[in-house]
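In what follows, a single structure is set out as structure tokens and then discussed.
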Amino acid sequence: MTPIPSNPDGLLAGWKRSTPPNIFVGVTGGIAAYKTCTVVSRLAQAGAHVTVAMTPSATKFVAHLTFQALSGHPVYTTPWEHIESHDPQHISLARSCDLALIAPITMDTLAKLATGRADDVVTLIVSAIDRSTTPVLLAPSMNDVMWHQPATQRNLKTLNEDGFRFVGPGDGWQACRTVGTGRMAEPEEILASISAIVNGSTTA
Ligand SMILES: Cc1cc2nc3c(=O)[nH]c(=O)nc-3n(C[C@H](O)[C@H](O)[C@H](O)COP(=O)(O)O)c2cc1C
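Residue numbers (numbering that gives the first Met the number 0): 0 to 203.
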């Protein structure tokens, strides 16, 4: 059997520590969740330790087993599972992660983060991440009208000011059968943003 090459496409070439990066991936309830499967698979192939958490809505779009198989690790779907130690999972995951991504991030979850809510496992874990040391990258995805809502634009401004980083969205075909802004960045673009952060070459 041929051994799996570590970091085959140089995605994490800038990672200088001896242990692989811990990357947290939050998935929320948008159609674009299928694209996050590719992101998780590529990160795992590059040698990252990837932990996925999903909101209840996200599990309507992609089964948690898909992310479990792609990441090779258990997937968190509620705050009340995998509590293996005295350290609640959201705190230990938040402390151990080197980079966090939420892809897709819905209009709803953007609003939650912008107002400091933490009532699902994704927002709970991200709320416990110290952004002064750990970058949190958001990949929004929603219908063009939802994207342009004053509430969404206000929340984006707040999240920018609070130190969250963004990739996308782009313009183009949307699952609601219109063309507009709000299409989640493609996996390659998200991976390039992660790579740039890991290489320390950008503030994304
Ligand atoms: C078929 C379908 C597709 C959806 N796609 C999106 C989407 O792309 N972006 C979005 O913001 N909300 C979308 N929604 C609405 C969210 O799933 C809904 O607001 C939900 O409360 C989000 O919860 P979460 O952010 O906790 O995952 C969609 C809903 C349905 C039924």
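We put the CB at the ideal spot given by N, CA and C, even for glycine.
Next item on the list: Output the distance between the C-alpha atoms of THR133 and VAL61, rounded to the nearest integer angstrom.
Entry: Within the sequence shown, residue 133 is the residue found at index 134, counting from 1. Within the sequence shown, residue 61 is the residue found at index 62, counting from 1. So the two alpha carbons sit approximately 27 Å from each other.
Margin query: Quick check on ASP118: does DSSP put it in helix, strand or coil?
Written below: Against the sequence shown, residue 118 aligns to sequence position 119. The answer is coil: DSSP assigns ASP118 none of H, G, I, E or B.
Note to self: Beta-carbon within less than 7 Å of THR77's beta-carbon, same chain only, minus the 5 sequence neighbours each way: which residues are those?
What the structure shows: Numbered from its first residue, the sequence shown carries residue 77 at position 78. Contacts found: VAL120.
Note to self: Is it buried or exposed, HIS89, if we count other Cβ atoms within 10 angstroms and call 16 or more buried?
What the structure shows: Mapped onto the sequence shown, residue 89 falls at position 90. When all chains shown are included, HIS89 counts as buried.
Next item on the list: Look at the alpha carbon of ALA52 and the alpha carbon of TYR75, and state the distance between them as a whole number of angstroms.
Entry: Translated into positions along the sequence shown, residue 52 becomes position 53. Translated into positions along the sequence shown, residue 75 becomes position 76. The straight-line gap from Cα to Cα measures roughly 4 Å.
Note to self: Buried or exposed, going by whether 16 or more other CB atoms sit within 10 Å of the CB of LEU190?
What the structure shows: Reading the sequence shown from its first residue, position 191 is the one you call residue 190. Buried: at least 16 other Cβ atoms inside 10 Å.
Checklist line | Rounded separation between MET183 and LEU69 - CA only | finding: In the sequence shown, the residue the question calls residue 183 occupies position 184. In the sequence shown, the residue the question calls residue 69 occupies position 70. Cα to Cα, the separation comes out at about 20 Å.
Checklist line | Close-in-space but distant-in-sequence residues of the same chain around GLY29 (CB under 6 Å, 5 per side omitted) | finding: In the sequence shown, residue 29 corresponds to position 30, counting from 1. Answer for GLY29: PRO103, THR105 and SER140, listed in chain order.
Next item on the list: Below 8 Å CB to CB, which residues in the same chain sit around ALA203 once its five sequence neighbours on both sides are set aside?
Entry: Indexing the sequence shown from 1 puts residue 203 at position 204. Because the pLDDT at ALA203 is just 47, under 50, the model does not fix this residue reliably, and the value given afterwards should be weighed accordingly. Cβ within range, chain order: PRO134, LEU136, ARG164, PHE165, VAL166, SER192, ALA195 and ILE196.
Notebook entry, point to check: Straight-line CA distance for ALA47 to ALA127?
Noted result: As a first step, residue 47 must be located in the sequence shown, where it is residue number 48. As a first step, residue 127 must be located in the sequence shown, where it is residue number 128. Near 21 Å, if we compare the C-alpha coordinates of ALA127 and ALA47.
Note to self: Measuring only from the beta carbon, is ALA57 closer than 7 Å to any heavy atom that is part of ligand 1?
What the structure shows: Locating residue 57 in the sequence shown gives position 58, counting from the first residue. Yes, since a heavy atom of ligand 1 falls inside the 7 Å radius drawn around the Cβ of ALA57.
Checklist line | Cβ-Cβ distance between VAL26 and THR35 below 8 Å | finding: Here residue 26 is taken as the residue at index 27 of the sequence shown, counted from 1. Here residue 35 is taken as the residue at index 36 of the sequence shown, counted from 1. Against a cut-off of 8 Å, the Cβ pair of THR35 and VAL26 comes out as a contact.
Next item on the list: Leaving aside the five residues before and after PRO55 along the sequence, list all residues of the same chain whose C-beta is less than 6 Å from its C-beta, in chain order.
Entry: The residue labelled residue 55 in the question sits at position 56 within the sequence shown. None.
Margin query: Only counting the same chain, and skipping five residues up and downstream in sequence, which positions put a Cβ closer than 6 Å to that of ASN154?
Written below: By 1-based counting over the sequence shown, the position of residue 154 is 155. Once the five neighbours on either side are set aside, the close Cβ partners of ASN154 are LEU109, ALA110 and ALA113.
Margin query: Please tell me whether, using a cut-off of 7 Å, the distance from the CB of SER140 to the nearest non-hydrogen atom of ligand 1 is below it.
Written below: Walking along the sequence shown from the start, residue 140 turns up at place 141. Yes; taking the cut-off as 7 Å, the Cβ of SER140 has a heavy atom of ligand 1 nearer than that.
Item checked: Where the beta strand (DSSP E) through ASP170 begins and ends -> As a working mapping, residue 170 is identified with position 171 in the sequence shown. Taken as a continuous stretch (DSSP letters only), the beta strand (DSSP E) holding ASP170 covers 169-173.
Notebook entry, point to check: Looking at C-alpha atoms only, which residue of GLU188, PHE66, ASP129 and LYS59 is the closest neighbour of SER91?
Noted result: Along the sequence shown, read from residue 1 onward, the residue named residue 91 stands at position 92. Comparing Cα positions, the closest option is ASP129.
Next item on the list: Let me know the secondary structure DSSP gives MET53 once reduced to three states.
Entry: Taking the sequence shown and counting its residues from 1, one reaches residue 53 at position 54. In this structure, MET53 counts as strand in the three-state DSSP scheme.
Margin query: Within 10 Å of its beta-carbon, does VAL49 have 16 or more other beta-carbons around it, so buried, or fewer, so exposed?
Written below: Mapped onto the sequence shown, residue 49 falls at position 50. So VAL49 counts as buried.
Next item on the list: For ASN142, write down the residues that DSSP places opposite it in a beta bridge.
Entry: Translated into positions along the sequence shown, residue 142 becomes position 143. DSSP lists no partner for ASN142.
Notebook entry, point to check: When DSSP labels each residue in this structure, what does ALA203 get in the three-state scheme?
Noted result: Mapped onto the sequence shown, residue 203 falls at position 204. For ALA203, the pLDDT reaches just 47, beneath the cut-off of 50, and the residue's location in the model is therefore unreliable, although a value from the coordinates is still provided. In this structure, ALA203 counts as coil in the three-state DSSP scheme.
Check: What does a CB cutoff of less than 6 Å around HIS72 pick up in its chain, not counting 5 residues either side in sequence?
Finding: Translated into the one-based positions of the sequence shown, residue 72 becomes position 73. Within the same chain, HIS72 has close Cβ partners THR50.
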